[in-house]
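To start, the structure itself, in structure tokens.
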Amino acid sequence: MPADPKSDPYYRLRHSLAHVMAQAVLEIFPDAKIAIGPPIENGFYYDFDLPRPLTPEDLTEIEKRMKRIIAGNHPFIYREVTAEEARQIFANQPYKLELIEGLAKGLDEYGETHHGDTVISTYRQDTFEDLCRGPHLNHTGEINPEAFKLMSIAGAYWRGDEKNRQLQRIYGTGWNTKEELEAYLHRLEEARRRDHRRLGKELGLFFFSDDIGPGLPIFSPKGEIIRYEMEQFVREVQTRYGYQHVWTGNVVKEQLYRKSGHYDNYRDSMFPPMVESEDLIFRLKPMNCPSHMTLYNQLGVISYRDLPLRFAEFATLYRYEDSGALSGLTRVRALTQDDCHIFCRPDQIQEEFSLALQVIREVLGTYKFTDYKVRLSLRGREGKYVQDDEKWELATAALRAALEANGVEYFEAEGEAAFYGPKADFLARDVLGREWQLSTIQVDFIQPARLGCEYIGEDDKPHTPVVLHRAVTGTTERFMGILIEHYAGAFPLWLAPVQAVIIPITDKQMEYARKVRQRLFAAGLRVEL
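Take a look at the structure:
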């Protein structure tokens with residue numbers, strides 16, 4: 010994800026490094042075709058169309074060339090150009106020419122509609138000029154030559170479309186000081202040491218098998234103990250806060266998702282249909298909300314006095330993720346979501362948000378995730394959002410009011426909302442400082458109306474309830490992967506699959522060791538001998 014120049018203090022540095030790297034590559038490979046190169050979290054990258062595959066030795070040579078360019082103290086010079094001038098500047102760069110044609114039509118570098126005035130601009134340093142909005146440093150001399158490193162080479166399709174040509178992407182990282190760079194490299198090494206895919210296998214917690222399929226993990230007895238304890242803990246907390254646990258199965262008629270709007274937005278992520286007849290098509294369940302709303306409708310006449318109703322479910326969902334996106338437990342095709350849907354009156358939104366917030370704080374606090382921020386995720390100008398401005402405005406105002414009434418500091422992000430409503434997303438940092446989206450609370454005025462959910466109000470007339478969608482840890486699988494890395498495999502006692510190990514020195518102590526094991530087992534501990 011490209012970095013944000015407004016919030017990333019390293020943006021100018023890393024953006025400038027991307028341009029310096031592109032210049033170095035062109036000096037080594039004069040016939041190279043350049044694509045795009047933005048700053049990203051912790052670094053930068055640039056995509057190239059090159060005459061041969063790059064090697065690790067090439068990265069060393071490119072770094073040397075970059076340091077030579079940096080030493081030249083070349084200023085970064087901004088200028089605005091016409092489309093025709095841009096075509097002349099980049100006459101031998103087909104990817105830039107494609108971008109220029111898009112800019113001339115009001116599109117950004119990713120092919121999306123650009124809102125506001127379209128200005129074609131470039132930045133130049135030394136002999137290199139690039140199509141760019143900036144911003145950049147004043148000159149290359151502001152880059153510390155000892156505080157950057159080229160990290161890796163990867164394949165990347167032009168504009169992220171696998172139908173396009175595959176380019177070579179060079180990733181780099183850049184910092185203000187050598188000490189910052191060394192600290193970052195240490196964190197990377199620590200992350201490799203804590204990698205849940207390696208630790209999970211070493212500890213015998215979970216496995217993947219070609220006989221079962223990609224993205225479909227299987228769990229050993231030890232792994233299942235952790236899963237059970239994680240889910241049971243959340244169940245107990247939710248029950249204490251008045252949530253009721255339900256079960257709505259694994260297979261659902263496709264028609265329900267057409268009614269709710271999920272089919273149009275998620276069908277590419279659904280497993281293929283199971284067709285019984287032309288009018289009876291089933292899907293493996295990819296989400297819970299339509300099923301919970303259907304359950305609500307089956308409960309008969311509901312009075313305003315019956316609300317709120319809080320349905321919670323640990324449901325296995327199935328999403329046909331692209332095989333290239335799968336990653337250990339953090340991106341799978343079968344996932345167990347700690348889902349909850351709260352049916353309430355509009356005047357109960359703040360109180361229910363407050364209750365959900367208490368659940369989230371208690372659960373995350375128990376796992377030692379106390380460093381988090383909240384993102385108010387709003388709909389963007391583009392995207393597959395339900396077009397109902399009045400309901401969107403109501404939901405957004407209600408969520409803002411609930412955040413502020415509970416004293417929650419938050420920042421706003423357009424384009425991150427669900428297709429049916431805004432969200433409050435909790436972004437937590439682990440011990441390595443990495444940010445993970447865990448909990449979420451979403452306000453939905455749209456789906457309950459689509460699916461015919463009603464309650465009888467004080468006026469004896471039917472009304473549509475508001476639904477709060479809420480998850481605490483997201484999915485069991487993903488959160489377990491995060492926890493393995495957060496704890497480096499050393500789980501807290503209550504979560505550890507083995508809580509005590511008895512080690513007899515010789516066979517003479519075996520009988521006594523068995524007695525000790527039995528006493529510990531009777532006390533509720535998980536013991537190995």
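The opening residue of the sequence shown carries number 10 in our numbering; numbering runs sequentially from there. Glycine residues also receive a C-beta, built at the ideal position from the N, C-alpha and C atoms. Every value quoted in this text rests on a predicted model; they were computed, and no experiment measured them.
Given a threshold of 16 other Cβ atoms within 10 Å of its Cβ, counted over all protein chains shown, does Glu322 qualify as buried or as exposed?
-> Per the 10 Å Cβ criterion, buried.
Going along the chain, which residues of its own chain have a beta-carbon closer than 6 Å to the beta-carbon of Phe53, five neighbours each way excluded?
-> Within the same chain, Phe53 has close Cβ partners Arg23, Leu26, Ala27 and Gly181.
Can you tell me which of His478, Leu534, Phe228 and Leu68 puts its alpha carbon nearest to the alpha carbon of Trp503?
-> Taking only the C-alpha atoms, the option nearest Trp503 is Leu534.
Quick one: what's got a C-beta closer than 6 Å to Val2's C-beta in the same chain, skipping five residues either side?
-> Since the first residue of the chain shown is 10 and the last is 538, residue 2 is not available in this structure.
Would you check whether the ligand COA has a heavy atom nearer than 6 Å to the C-beta of Asp398?
-> The ligand content of the structure shown is nil, which means the ligand COA is not present either.
Verify whether the separation of the beta carbon atoms of Ser175 and Leu63 is less than 7 Å.
-> Just to set this straight, residue 175 is Gln in the shown sequence, not Ser. No, the pair does not count as a contact, with Cβ atoms beyond the cut-off.
What distance in whole Å lies between the Cβ atoms of Tyr327 and Lys294, which are believed to be in contact at a cut-off of 8 Å?
-> That pair is a contact at about 7 Å.
Report the rounded CA-to-CA distance for Ile45 versus Phe57, giving the unit in angstroms.
-> Using only the alpha carbons, I get a separation of about 8 Å.
Mind checking which residues open and close the alpha helix (DSSP H) that includes Thr405?
-> Thr405 -> alpha helix (DSSP H) spans Asp398 to Ala414.
Might you give, ordered along the chain, the residues of its own chain that have their beta carbon closer than 8 Å to the beta carbon of Leu436, omitting 5 neighbours on each side?
-> For Leu436, the CB contacts under 8 Å within the same chain, skipping 5 residues up- and downstream, are Tyr381, Lys382, Val383, Arg384, Glu444, Trp445, Gln446 and Leu447 in chain order.
Delimiting residues of the alpha helix (DSSP H) encompassing Tyr250 = Note, Tyr250: premise wrong, no alpha helix (DSSP H); not H, not E.
Is the segment 458-471 touching the segment 482-495 in the sense that three or more CB pairs, one from each, lie closer than 8 Å?
-> With the cut-off at 8 Å, the segment 482-495 and the segment 458-471 do not touch.
According to the neighbour-count rule (16 or more other Cβ atoms, all chains shown, within 10 Å of its Cβ), is Met519 buried or exposed?
-> Met519 should be labelled exposed.
Boundaries of the alpha helix (DSSP H) in which Gln97 is found, first to last residue | Per DSSP, the unbroken alpha helix (DSSP H) holding Gln97 starts and ends at Ala92 to Ile98.
Starting from Tyr381 and walking both ways along the beta strand (DSSP E), at which residues does that stretch end?
-> Counting along the chain, the beta strand (DSSP E) containing Tyr381 begins and ends at Tyr381 to Leu387.
At least 3 beta-carbon pairs within less than 8 Å: the segment 488-500 vs the segment 195-210 = The answer is yes - the segment 195-210 touches the segment 488-500, with three or more Cβ pairs under 8 Å.
Please report the residue range of the beta strand (DSSP E) in which Val372 lies.
-> It is not in any beta strand (DSSP E) - Val372 instead sits in the alpha helix (DSSP H) that spans Ile358 to Thr375.
Compare the C-alpha of Phe85 against each of Pro506, Asp219 and His145 and name the closest.
-> Considering only alpha carbons, the answer is His145.
Verify whether the separation of the beta carbon atoms of Tyr429 and Gln456 is less than 7 Å.
-> Taking 7 Å as the Cβ cut-off, Tyr429 and Gln456 qualify as a contacting pair.
Using 8 Å as the threshold, is the segment 128-139 in touch with the segment 87-104, meaning 3 or more CB pairs across them?
-> Three or more beta-carbon pairs drawn from the segment 128-139 and the segment 87-104 are found closer than 8 Å, and the two stretches are therefore classed as touching.
Where are the beta strand (DSSP E) runs, 3 residues long or more, that stay fully inside the segment 448-497, in chain order?
-> Qualifying beta strand (DSSP E) stretches, in chain order: 475-484.
Please look up how many angstroms separate the CB atoms of Phe7 and Gln32, rounded, as I've assumed it's under 8 Å.
-> Since the first and last residues shown for the chain are 10 and 538, residue 7 lies out of range.
If we call anything under 7 Å between Cβ atoms a contact, is Arg319 one with Tyr252?
-> In terms of Cβ geometry, Arg319 and Tyr252 form a close pair [threshold 7 Å].
Buried or exposed: where does Met30 fall if 16 or more other Cβ atoms within 10 Å of its Cβ makes it buried?
-> Per the 10 Å Cβ criterion, buried.
Measure the beta-carbon distance from Asn432 to Ser363 and round it to whole angstroms, keeping in mind my assumption that it falls under 8 Å.
-> The sequence given here places Lys at residue 432; Asn does not occur at that position. With a contact defined as Cβ atoms closer than 8 Å, Lys432 and Ser363 miss out at about 17 Å.
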